[in-house]
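Everything on this sheet refers to the single structure shown next.
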Amino acid sequence: MVRDITLGQYFPGNSLIHRLDPRMKILLTLAFIVFIFVATNFQGLALMLAMMLLVLLLSGVPLSQYLKSLKAVIFIVAFTFVLNLFYGGGDTVWSQHFPGFTMRITNGGISNAVFVAVRIFSLILFSSVLTFTTSPTQLTDALERLMKPLKVLHVKVHEIAMMMTIALRFVPTLLEETDKIMNAQKARGADLESGGFMQRIKSLIPILIPLFVSSFRRAYDLAMAMECRCYHGGEGRTKMKQLHMSGLDAAAAVCSALFCAAVLYCALRFPAALR
Amino acid sequence: MMGSLKDGTGYMKDYMNAENVTFSYEAQEEEETVEVLHGVSLGIQKGEFVALLGHNGSGKSTMAKQFNAMLLPSGGKVYVDGLDTLDEDLKIEIRRRVGLVLQNPDNQLVASIVEEDVAFGPENLGVAPPEIRKRVDEALKAVEMYDYRLHAPYKLSGGQKQRIAIAGIIAMQPDCIVLDEPTAMLDPRGRDEVLETIHRLNREKGITVVLITHYMDEAVGADRVIVMDDGRILTQGTPREVFSQVELLKAHQLDVPQATELIYRLKAAGIPLPDGVLTIEECVAALEPQMNRTER
Numbered sequence: 001m002v003r004d005i006t007l008g009q010y011f012p013g014n015s016l017i018h019r020l021d022p023r024m025k026i027l028l029t030l031a032f033i034v035f036i037f038v039a040t041n042f043q044g045l046a047l048m049l050a051m052m053l054l055v056l057l058l059s060g061v062p063l064s065q066y067l068k069s070l071k072a073v074i075f076i077v078a079f080t081f082v083l084n085l086f087y088g089g090g091d092t093v094w095s096q097h098f099p100g101f102t103m104r105i106t107n108g109g110i111s112n113a114v115f116v117a118v119r120i121f122s123l124i125l126f127s128s129v130l131t132f133t134t135s136p137t138q139l140t141d142a143l144e145r146l147m148k149p150l151k152v153l154h155v156k157v158h159e160i161a162m163m164m165t166i167a168l169r170f171v172p173t174l175l176e177e178t179d180k181i182m183n184a185q186k187a188r189g190a191d192l193e194s195g196g197f198m199q200r201i202k203s204l205i206p207i208l209i210p211l212f213v214s215s216f217r218r219a220y221d222l223a224m225a226m227e228c229r230c231y232h233g234g235e236g237r238t239k240m241k242q243l244h245m246s247g248l249d250a251a252a253a254v255c256s257a258l259f260c261a262a263v264l265y266c267a268l269r270f271p272a273a274l275r
Numbered sequence: 001m002m003g004s005l006k007d008g009t010g011y012m013k014d015y016m017n018a019e020n021v022t023f024s025y026e027a028q029e030e031e032e033t034v035e036v037l038h039g040v041s042l043g044i045q046k047g048e049f050v051a052l053l054g055h056n057g058s059g060k061s062t063m064a065k066q067f068n069a070m071l072l073p074s075g076g077k078v079y080v081d082g083l084d085t086l087d088e089d090l091k092i093e094i095r096r097r098v099g100l101v102l103q104n105p106d107n108q109l110v111a112s113i114v115e116e117d118v119a120f121g122p123e124n125l126g127v128a129p130p131e132i133r134k135r136v137d138e139a140l141k142a143v144e145m146y147d148y149r150l151h152a153p154y155k156l157s158g159g160q161k162q163r164i165a166i167a168g169i170i171a172m173q174p175d176c177i178v179l180d181e182p183t184a185m186l187d188p189r190g191r192d193e194v195l196e197t198i199h200r201l202n203r204e205k206g207i208t209v210v211l212i213t214h215y216m217d218e219a220v221g222a223d224r225v226i227v228m229d230d231g232r233i234l235t236q237g238t239p240r241e242v243f244s245q246v247e248l249l250k251a252h253q254l255d256v257p258q259a260t261e262l263i264y265r266l267k268a269a270g271i272p273l274p275d276g277v278l279t280i281e282e283c284v285a286a287l288e289p290q291m292n293r294t295e296r
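Okay, structure coming up:
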């Protein structure tokens, strides 16, 4: 069923990474993503990769799942890799003369290409660790708390988090509804599978319109139900589940900080491989 | 046992009181309004189980929403525990006392985990976290859904979802629950689950229940039945009193419970049978002597 895929992002478990406070996980993920860009030489890059491998193994999620998440970007990575290969500076490694122009691969181009590819892969992998080991509710909850300081800037933090919670809650419901409407339209003779691209897009209209209408009806009902349960915005609201930072979170923060310091040291100590 | 009665205006004995309530929906265009309640007066006592009956468009759902200030009377007054629903500042207080459960179980659950959904109400009320935990566990046990506390609501059956919705209201520790056709979208099993749950809550926790329904058989177990028709109260009384007025109900296109209907028709056919039969058991007891007589 379609329904099983959407919430399949999260792999329930009890690994070290699962047990970290979601706020810490979000912060560390951000820090790692920043430091991927701080690492400008192969020494730093190797350190980052070692760290990543360690995190992936600690998460207890099968490595094949991570590989699956890389599939989505493989085309972009291949494309930028090839492009970078031919557009770098430095010593020429390989060249080929064509009438009118010369194709050349330089060592600068190679290192650029490798860096960009590794960086994109790392971005995906680090964020995968976050979504694989943190439940959607934990994520929205942590985001609400982390964004709290933004309230000073009149950002509607609570409202954003509430919208995310409701959206997540209604994903399976709406998918089920889509299924029903598709079957209902098929039973009335709608042809959803054949025809060209435009034809197929057009055939989606009789599915989208009823889905839209019913979503509005649901939204109206839900708003009423929320009001019945005394919802009146984020003011004076408490939470059943409090987030707690533990020793584990402190340890993770210290390890990560040491690690990032090492990467920073490499960046300053060794010449940049990136031009 | 439940929250103590506030010593408000004093003279009211009823927990909830509607005084000559009229209500009009404003049509979107022009100033045309449609009046759906034409002066309804009724009182509901603490701990009572009241069934509010009527067919579609009788104004029973509109009446239900008057009790927790979701809709406000266009004329007349509604008091809940002595609080005037027209007072904007009392809205939260009123909704804390009177919870409303809606028809569609899918559209009233907010969170993607059962226990977090039940916690939604108390969280809105600003209850302290350990106390919320306690209330959520109690509420889930009260509707017999404790074992499902970590499940995702969309994987549950309709009856289970509706019981979660009821738990979400119970967790706010209300004095009264108003249920607006809670069984309309459920299969017979889900319907039994929900009815059994609300009867138990009424019996064991003393929670006042107002059950809005158009299934006459659901009203049989109530302390009092109020029948609405065309925005007015047609008749009210104990189920026995109300359902003995078969002609009146029929004249307004309303049904009576199936057992009552059967006895009514047999009597019309000239068989001497007692009045006021409501349940299948009573029906069997009434028919038995007749059957034995014909056999002999």
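Residue numbers (the UniProt record's numbering), protein chains in the order written: chain W, 1 to 275; chain G, 1 to 296.
Positions of the beta carbon are idealized from the N, C-alpha and C atoms, including for glycine.
None of the values given here were measured: they were computed from a predicted structure.
Residue i to residue j, Cα distance in whole Å?
i                     : j                     : result
residue 304 (chain G) : residue 15 (chain W)  : Because residue 304 (chain G) is not part of the residues shown, which for chain G are 1 to 296, the question remains open.
residue 252 (chain G) : residue 180 (chain G) : 21 angstroms
residue 191 (chain G) : residue 146 (chain W) : 43 angstroms
residue 241 (chain G) : residue 46 (chain G)  : 21 angstroms
residue 136 (chain G) : residue 233 (chain G) : 37 angstroms
residue 85 (chain G)  : residue 36 (chain G)  : 18 angstroms
residue 195 (chain G) : residue 214 (chain G) : 14 angstroms
residue 8 (chain W)   : residue 54 (chain W)  : Because residue 8 (chain W) carries a pLDDT of 47, less than 50, the predicted location of this residue cannot be relied on, and no value is offered for it.
residue 33 (chain W)  : residue 23 (chain W)  : 16 angstroms
residue 156 (chain G) : residue 185 (chain G) : 14 angstroms
residue 125 (chain G) : residue 119 (chain G) : 10 angstroms
residue 93 (chain G)  : residue 160 (chain G) : 28 angstroms
residue 74 (chain W)  : residue 240 (chain W) : 42 angstroms
residue 204 (chain G) : residue 114 (chain G) : 23 angstroms
residue 128 (chain G) : residue 202 (chain G) : 27 angstroms
residue 168 (chain G) : residue 101 (chain G) : 9 angstroms
residue 60 (chain G)  : residue 225 (chain W) : 18 angstroms
residue 46 (chain W)  : residue 110 (chain W) : 16 angstroms
residue 89 (chain W)  : residue 106 (chain W) : 6 angstroms
residue 262 (chain G) : residue 219 (chain G) : 17 angstroms
residue 21 (chain G)  : residue 172 (chain G) : 27 angstroms
residue 81 (chain G)  : residue 216 (chain W) : 34 angstroms
residue 23 (chain G)  : residue 66 (chain G)  : 9 angstroms
For residue i, which three-state DSSP category applies?
i                     : result
residue 229 (chain W) : coil
residue 41 (chain W)  : coil
residue 10 (chain G)  : Legend: pLDDT at residue 10 (chain G) = 44, less than 50; position of this residue unreliable, value from coordinates given subsequently. In the structure shown, residue 10 (chain G) sits in coil (DSSP, three-state: anything other than H, G, I, E or B).
residue 35 (chain G)  : strand
residue 95 (chain W)  : strand
residue 317 (chain G) : Residue 317 (chain G) falls outside the range modelled here, since chain G spans only 1 to 296, and no answer is possible.
residue 236 (chain G) : strand
residue 88 (chain W)  : coil
residue 20 (chain G)  : strand
residue 51 (chain W)  : helix
residue 70 (chain G)  : coil
residue 187 (chain G) : coil
With a Cβ-Cβ cutoff of 8 angstroms, do residue i and residue j count as a contact?
i                     : j                     : result
residue 161 (chain W) : residue 131 (chain W) : no
residue 260 (chain W) : residue 68 (chain G)  : no
residue 246 (chain G) : residue 259 (chain G) : no
residue 31 (chain W)  : residue 263 (chain W) : no
residue 239 (chain G) : residue 225 (chain G) : yes
residue 209 (chain G) : residue 177 (chain G) : yes
residue 248 (chain G) : residue 256 (chain G) : no
residue 166 (chain W) : residue 110 (chain G) : yes
residue 80 (chain W)  : residue 123 (chain G) : no
residue 137 (chain W) : residue 116 (chain G) : yes
Under 8 angstroms between beta-carbons, which chain W residues line up against residue i? List them in chain order, please.
i                     : result
residue 126 (chain G) : 236, 237 and 238
residue 95 (chain G)  : 227, 228, 229 and 230
residue 106 (chain G) : 173 and 218
List, in chain order, every chain G residue whose beta-carbon is nearer than 9 angstroms to that of residue i.
i                     : result
residue 137 (chain W) : 111, 112, 113 and 116
residue 9 (chain W)   : Correct list: empty, because the minimum Cβ distance to chain G is about 13 angstroms.
residue 143 (chain W) : Simply none; closest approach about 15 angstroms.
Taking C-beta pairs closer than 7 angstroms, name the residues in chain G that residue i reaches, listed in chain order.
i                     : result
residue 172 (chain W) : 154
Any heavy atom of the ligand FMN closer than 7 angstroms to the CB of residue i?
i                    : result
residue 11 (chain W) : The ligand FMN is not among the ligands present in this structure, which contains no ligands whatsoever.
At a CB-CB cut-off below 8 angstroms, which residues of chain G make contact with residue i?
i                     : result
residue 165 (chain W) : 110, 111 and 112
Cβ closer than 7 angstroms: which chain W residues qualify as neighbours of residue i?
i                     : result
residue 149 (chain G) : Correct list: empty, because the minimum Cβ distance to chain W is about 11 angstroms.
- Could you give the uninterrupted runs of the alpha helix (DSSP H) lying entirely in the region 95-166 of chain G, keeping only those of 4 residues or more? 114-124 and 129-142
- Message: Going residue by residue through the region 112-188 of chain W, where are the continuous alpha helix (DSSP H) segments of at least 4 residues, counting only ones entirely within it?
- Response: 136-146 and 157-187
- Ignoring anything shorter than 4 residues or poking outside the region 210-266 of chain W, list the alpha helix (DSSP H) runs there in chain order. none
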